[in-house]
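Enquirer:
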Amino acid sequence: MTTELVDRKIYEREELATGTDAVAHAVRLADVDVFSAYPIRPYTGVMDRLAKFIADGKFDSEYIIADGEHSQFEIAKHASSVGARAFAGSSGTGWLYATEALAATATDRLPLVALVGNRALDDPGAFGVEHNDAMLVRDLGWLIVWASTAQEALDTTLIAYRVAEDPSVMMPCAVAIDGGYLTHSQHIVKIPTKEAVQKFLPPYNLGTRRMHPDNPVSIAPQINEDWGMEIRRQNWEAARRARGVIYRAYKEYNEVFHSSYANPFFEEFMMEDAEIALIGMGTVTSAAKAAVKLLREKGVKVGYVKLRWFRPFPAEELRESLSEVRAVGVIDRDFAHGGPDDGGVLFNDVRAALYHSSNRPQIVDFIGGLAGREISIEDVARMVRITANHKGEGELVTWIRVREGNGAGMERKGGD
Amino acid sequence: MAQGWRGKEAIEMATTTGVSKEEFKNAKLYKSVHGIDMEEFYTSGHRTCQGCESALVMRDFVKASGPRTVVTGATGCMYVANTSYMTTPWVVPWMHTQLGGGGASAVGMAAGLRALMRKGKIPDEKINVINFSGDLGGGDMGLGGISGALQTDYDMLIIIYDNESAANTDIQATNMTPWGAQTTFTPTGSKKRIMHDKWKKNVAPMLAIGHPNCKYVATACATFPPMDYMNKVKKALSIGGPTLIHTMDPCPKGWDYHPRYSGDLGQLAIKTGIFPLYEIIKGEVNYTYDARKTKRVPVREYLEKQGRFSHFIEDDFEFVQSRVDEMWNDWEIPGVAPIKGWLSVRR
């Protein structure tokens, strides 16, 4: 690097931006045609920022304040159906309120990009991060990707449009960022130029499915048993094809923006010669990396895998990455009560992926950070210890930083 | 059955009713049935029941709207019976939207088209954006979404086709089912003769009164008076901004009558005054069949022709008649605003 911190042909400037600010810049730069808003913490900042762009004449888009999340996502879906690039977003229970529209957006194969500012589900109300909201659509035909820094949130939003709108994919994509920890924390973000973004992101083209009088089609008529299997199958194949498109998209992104994304699906941190590995999604990465560094200094051979793409799930790549480790600890910022071995959602996905590994490691689960509770460096160090000491017997799930019993009158515990 | 099907009086009402010619000079209103286009944009391929008047509502709105139209249909009988895969009756682009998604689907399409035209991504032209939702989808579940749509400034028309039941799922009561009607949710029984003891929700006026951006709200019946409904579609599409039409659709299956009487029952609904026919243009109410000025047919003649009211006793007929009389005699704006009816100012 010379005195210029950024290449001015690619980046217009640097800005101190929150995660939602960063996504707003990406939406503006993607020349989104229609976006619809409805307030709920903590994702809302993205809509506040986009509204200000509109007010200041910096962004040309239709902007609709909806009457609820269901309408918000129906608006975005139908805008997408006429060939307009659309954006929406939500958090927690608001995302769930839109569920019917979310499911239909996916089955209609409309490549909407949505921001999920992860938030705990009601009841009782809580603003903090939990991943269950975004995970709700994991089986419905949505692509889901987690970003863990503001820069990554910007990059990922542009990549999400590129992948979702690829003619061989045509699936909606949820960009998930942890509520509070990323939606509201500021990072230095490089803001790309419009020209560079145009080089990376081709115009949205819905082709022969576009709702326009020049293209008289009937979309989503009743199928029943006659065609349902074939349509589901096409969607299944598109999700498989998405893996290859994701590889290409990151490669193109690296070329245009001089970024250095290696494996697009996850980032491997100190995984060379690691015997113990932790894997997690979102902002827990900061604490995890810090803990891994400290433990490495003490000679513990530990690494961390930061998973980005949750759907499609990179099973093959994870088998490869985790093939040399002895034990894996999965950090679940979610819950799946009554699921297999009472583990979280990510745990059971990772475990399923590793089942077919020739060198299957031990695998344990950590449920923590729910409703926004902090996961500290010490917490991660404890996870590493438990993972390393696991002998393949006994309880597979450890709740991190939780009051035991019914919690009444008990002090909050940090570490063990 | 009812008289006056081709009555001169009715045709005059449909075409002249006090609407200033200036207001709709670009609407190209039909002046006689001979002027109605022959070309169809809703054709064969559907499997609606014989005598289905909601199907006529579909056929007529798109005929009035013409080929430069995009349509969404909310879940309901006009989704399920209309559009089986690969046998669509729609000649114009049509897309399904969720049961409560009607209003939002129109907003999405209108916003998308506006943005694409402004940015030069598609040619700039007038494209009619229409959603239809049933009484269950539009009047109950989707009411909030339609309210949201009427608060926007997009050009679009939402049609609530009202056959007074959830006709797709085997005739269940909705909040627009009339008082006393039998449905599978509201059967008559030995202990309770009247299970559906709610008066029909008055959806069109509620939406008209609460939404200052909405310049045109109308009620209509596809068969009576002739051309009235199609001209209302043309008016709604020409006036600009979000608009709403609520149609009264006799349903042989749900109302239990012979399919040949659909036209007559629609006519009777209007002539008895149980379904008020009007348009609200920029806040002004214009009766397109003024039941105050004509001698109303007793509601009994309308009710007793339908199996869904077969359990009615004398008291029931009288009760319905008294509510209809109250609507026309006592309401501040009959059929629209029940001030001095069951809603009044405390003195």
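Each protein sequence line maps, in turn, to chains Y and D.
Position 90 of the first sequence, counted from 1, bears residue number 90 in the working numbering, the numbering being contiguous throughout.
If you count the second sequence from 1, you need to add 416 to reach the working numbering.
Cβ coordinates follow ideal geometry from the N, Cα and C atoms, glycine included.
In this text, all values refer to a predicted model and were calculated from it rather than measured experimentally.
Count the other C-beta atoms from every protein chain shown that fall within 10 angstroms of the C-beta of T208 of chain Y, then say buried if there are 16 or more, exposed otherwise.
Expert: exposed
Enquirer: For chain Y, find out if any of its Cβ atoms is closer than 9 angstroms to the Cβ of H512 of chain D; answer yes or no.
Expert: yes
Enquirer: Grab the span of the alpha helix (DSSP H) containing H25 of chain Y for me, first residue to last.
Expert: Its alpha helix (DSSP H) spans residues G19 to L29.
Enquirer: Please confirm if K535 of chain D has its CB atom under 9 angstroms from at least one CB of chain Y.
Expert: yes
Enquirer: Distance check for E324 of chain Y and S218 of chain Y, CA to CA, integer angstroms please.
Expert: 52 angstroms
Enquirer: What does R530 of chain D touch in chain Y if you count any residue whose Cβ is under 8 angstroms from its own?
Expert: E62
Enquirer: Is the separation between the beta-carbon of A220 of chain Y and that of P172 of chain Y shorter than 9 angstroms?
Expert: no
Enquirer: Could you tell me which chain D residues have their CB closer than 8 angstroms to the CB of G418 of chain Y, listed as they occur along the chain?
Expert: Chain Y is shown from 1 up to 416; residue 418 of chain Y falls before or after that span and cannot be answered.
Enquirer: At least one CB of chain Y closer than 9 angstroms to the CB of A522 of chain D: is that the case?
Expert: yes
Enquirer: What separation, rounded to the nearest whole angstrom, lies between the Cα atoms of A418 of chain D and D680 of chain D?
Expert: In this prediction, A418 of chain D scores a pLDDT of 44, lower than 50, which makes its location untrustworthy; no coordinate-derived value is stated.
Enquirer: Which partner residues does A582 of chain D have in the DSSP bridge list?
Expert: D:Q588
Enquirer: Can you name the start and end residues of the beta strand (DSSP E) that A196 of chain Y belongs to?
Expert: That residue, A196 of chain Y, is in no beta strand (DSSP E); its alpha helix (DSSP H) goes K194 to F200.
Enquirer: Helix, strand or coil for K77 of chain Y, going by three-state DSSP, please let me know.
Expert: helix
Enquirer: Taking only runs that begin and end inside the segment 206-232 of chain Y, name each unbroken alpha helix (DSSP H) of 4 or more residues, in chain order.
Expert: none
Enquirer: Could you please give the first and the last residue of the uninterrupted alpha helix (DSSP H) stretch that includes I538 of chain D?
Expert: Counting along the chain, I538 of chain D falls outside any alpha helix (DSSP H), and DSSP gives it neither H nor E.
Enquirer: Evaluate the contact criterion for the segment 551-558 of chain D versus the segment 522-535 of chain D: three or more CB pairs, one atom per stretch, below 8 angstroms.
Expert: The segment 522-535 of chain D and the segment 551-558 of chain D do not touch, with fewer than three beta-carbon pairs separated by less than 8 angstroms.
Enquirer: Measuring only between beta-carbons, confirm whether G434 of chain D sits less than 9 angstroms from chain Y.
Expert: Confidence in G434 of chain D is poor, its pLDDT being 49 and thus under 50, which makes the residue's placement unreliable; the coordinate value appears in the next sentence. Residue-level contact check: G434 of chain D does not touch chain Y, since none of the beta carbons of chain Y fall below 9 angstroms from its beta carbon.
Enquirer: Would the segment 325-344 of chain Y and the segment 382-401 of chain Y be scored as touching if the rule is three or more Cβ pairs under 8 angstroms?
Expert: yes
Enquirer: Taking Cβ-Cβ distances below 7 angstroms as the criterion, which residues of the segment 183-213 of chain Y are in contact with chain D?
Expert: M211, H212 and P213
Enquirer: Using the rule of at least 16 other Cβ atoms within 10 Å of the residue's Cβ for burial, across every protein chain shown, is K306 of chain Y buried or exposed?
Expert: buried
Enquirer: Between P675 of chain D and the rest of its own chain, which residues show a CB-CB distance below 6 angstroms, the 5 nearest in sequence each way excluded?
Expert: Q466, G467 and P668
Enquirer: Excluding sequence positions up to five away, which residues of its chain have a Cβ less than 8 angstroms from the Cβ of G482 of chain D?
Expert: Once the five neighbours on either side are set aside, the close Cβ partners of G482 of chain D are D453, F457 and N544.
Enquirer: Locate the alpha helix (DSSP H) running through R475 of chain D, then write down its first and last residues.
Expert: E469 to S481
Enquirer: List the residues of chain Y whose Cβ lies closer than 8 angstroms to the Cβ of M525 of chain D, in chain order.
Expert: Ordered by position in chain Y, the residues that pass the 8 angstroms Cβ test against M525 of chain D are H78, A79, S81, V82 and M211.
Enquirer: Whole angstroms are fine: how far does the CA of V34 of chain Y sit from the CA of R49 of chain Y?
Expert: 15 angstroms
Enquirer: In this structure, does DSSP put V761 of chain D in helix, strand or coil?
Expert: coil
Enquirer: Look at the alpha carbon of D226 of chain Y and the alpha carbon of A106 of chain Y, and state the distance between them as a whole number of angstroms.
Expert: 20 angstroms
Enquirer: By a C-beta neighbour count over all protein chains shown, 10 Å radius and 16 as the cutoff for buried, is D476 of chain D buried or exposed?
Expert: buried
Enquirer: If the cut-off is 7 angstroms on Cβ atoms, which residues from the segment 617-637 of chain D count as contacting chain Y, listed in chain order?
Expert: none
Enquirer: For the segment 357-368 of chain Y, enumerate the residues whose C-beta is nearer than 9 angstroms to any C-beta of chain D, in chain order.
Expert: none
Enquirer: State the Cα-Cα distance for the pair G343 of chain Y and W758 of chain D, rounded to the nearest angstrom.
Expert: Their Cα atoms are separated by approximately 58 angstroms.
Enquirer: Put Q722 of chain D into one of helix, strand or coil per three-state DSSP.
Expert: It is coil, neither helix nor strand.
Enquirer: Which residues bound the alpha helix (DSSP H) around V284 of chain Y?
Expert: V284 to E297
Enquirer: Taking L201 of chain Y and W142 of chain Y to be in contact with their CB atoms under 8 angstroms, please state how far apart those CB atoms are, rounded to whole angstroms.
Expert: In fact, because the Cβ distance is near 20 angstroms, the residues do not count as touching under 8 angstroms.
Enquirer: Can you give the Cα-Cα distance for E152 of chain Y and W615 of chain D, rounded to whole angstroms?
Expert: 56 angstroms
Enquirer: Let me confirm a value: E720 of chain D is counted as buried when at least 16 other C-beta atoms fall within 10 Å, else exposed. Which label applies?
Expert: exposed
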